[in-house]
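Peer 1:
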Amino acid sequence: MRQKGAVPYAYTANLGQPDEDDYNAIPKKAMAYGAENARLIDCRSQLAHEGIAAIQCGAFHISTGGIPYFNTTPLGRAVTGTMLVATMKEDDVNIWGDGSTFKGNDIERFYRYGLLTNPNLKIYKPWLDA
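Numbering of the sequence shown is given in full-length UniProt numbering, commencing with residue 1 and proceeding in unit increments.
1. For Y11, which of helix, strand or coil comes out of DSSP?
2. If you follow the alpha helix (DSSP H) that A53 is in, where does it begin and where does it stop?
3. Could you check which residue in G5, A59, T64, V85 has the C-alpha nearest to that of L75?
4. Pairing CB atoms from the segment 17-29 with CB atoms from the segment 48-56, are three or more of them under 8 Å?
5. For L47, which residues of its own chain have a beta-carbon under 8 Å away from its beta-carbon, when the five flanking residues on both sides are left out?
6. Helix or strand or just coil, what does DSSP make of K122?
7. Let's see if you can read the secondary structure: which residues bound the alpha helix (DSSP H) around V79?
8. Among P8, Y111, W96, which one has its Cα closest to the Cα of G34?
9. Using alpha carbons as the reference points, say which of M83, D91, D42 lies closest to Y111.
10. Under three-state DSSP, which class holds A35?
11. For C43, which of A32, G99, M31, V85 has the nearest alpha-carbon?
12. Compare the Cα-Cα distances from G5 to each of M88, I107, E36 and report the closest residue.
13. Run the CB neighbour count on M31, radius 10 Å, all protein chains shown included, and call it buried at 16 or more, exposed below.
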């Protein structure tokens with residue numbers, strides 16, 4: 001990205017995923033790969049808050065294999081989109097780009113949630129440069 005004139009910043013949402021060994025290492029890796037700045041945003045409390053509200057409303061109640069659970073993936077997207085964009089705005093970063101592929105619509109979802117926090121947000125789809 002730097003070779004094309006962009007100044008990349010990296011933002012990581014900690015939603016408490018159990019498969020991540022060391023969240024604190026993520027910004028360091030981003031810096032090693034050329035990020036101008038890299039920040040880790042702790043989104044766990046906000047995700048818990050939204051999850052409790054969803055449970056209270058009976059929203060996202062799903063049963064699979066006879067076992068009920070609450071699908072927090074949509075809530076995670078909303079929390080990630082709003083909290084990361086709020087942090088980006090603090091850094092005067094107004095362009096969202098991520099590793100989403102053209103096969104899904106995650107980047108559009110993150111972008112739309114981000115617009116709630118920063119109406120000046122723009123979107124960059126890296127695969128269009130390929």
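Where a beta carbon is used, it is the ideal one built from N, C-alpha and C, also for glycine.
Peer 2: Looking at the atomic coordinates:
1. Looking at Y11 - three-state DSSP - the assignment turns out to be strand.
2. 44-57 is the span of the alpha helix (DSSP H), which, as asked, contains A53.
3. For L75, the nearest C-alpha among the options comes from A59.
4. Taking 8 Å as the limit for Cβ pairs, the verdict is that the segment 48-56 does not touch the segment 17-29.
5. Correct list, in chain order: L15, G16, T72, L75, G76, V79.
6. Note: K122 maps to strand in three-state DSSP.
7. From DSSP, the alpha helix (DSSP H) with V79 extends over 73-90.
8. Considering only alpha carbons, the answer is P8.
9. Of M83, D91, D42, the residue nearest in Cα terms is M83.
10. The answer is coil: DSSP assigns A35 none of H, G, I, E or B.
11. Nearest to C43 by alpha-carbon distance, out of A32, G99, M31, V85, is V85.
12. It is E36 whose Cα lies nearest to the Cα of G5.
13. Around the beta-carbon of M31, fewer than 16 other beta-carbon atoms lie within 10 Å, marking it exposed.
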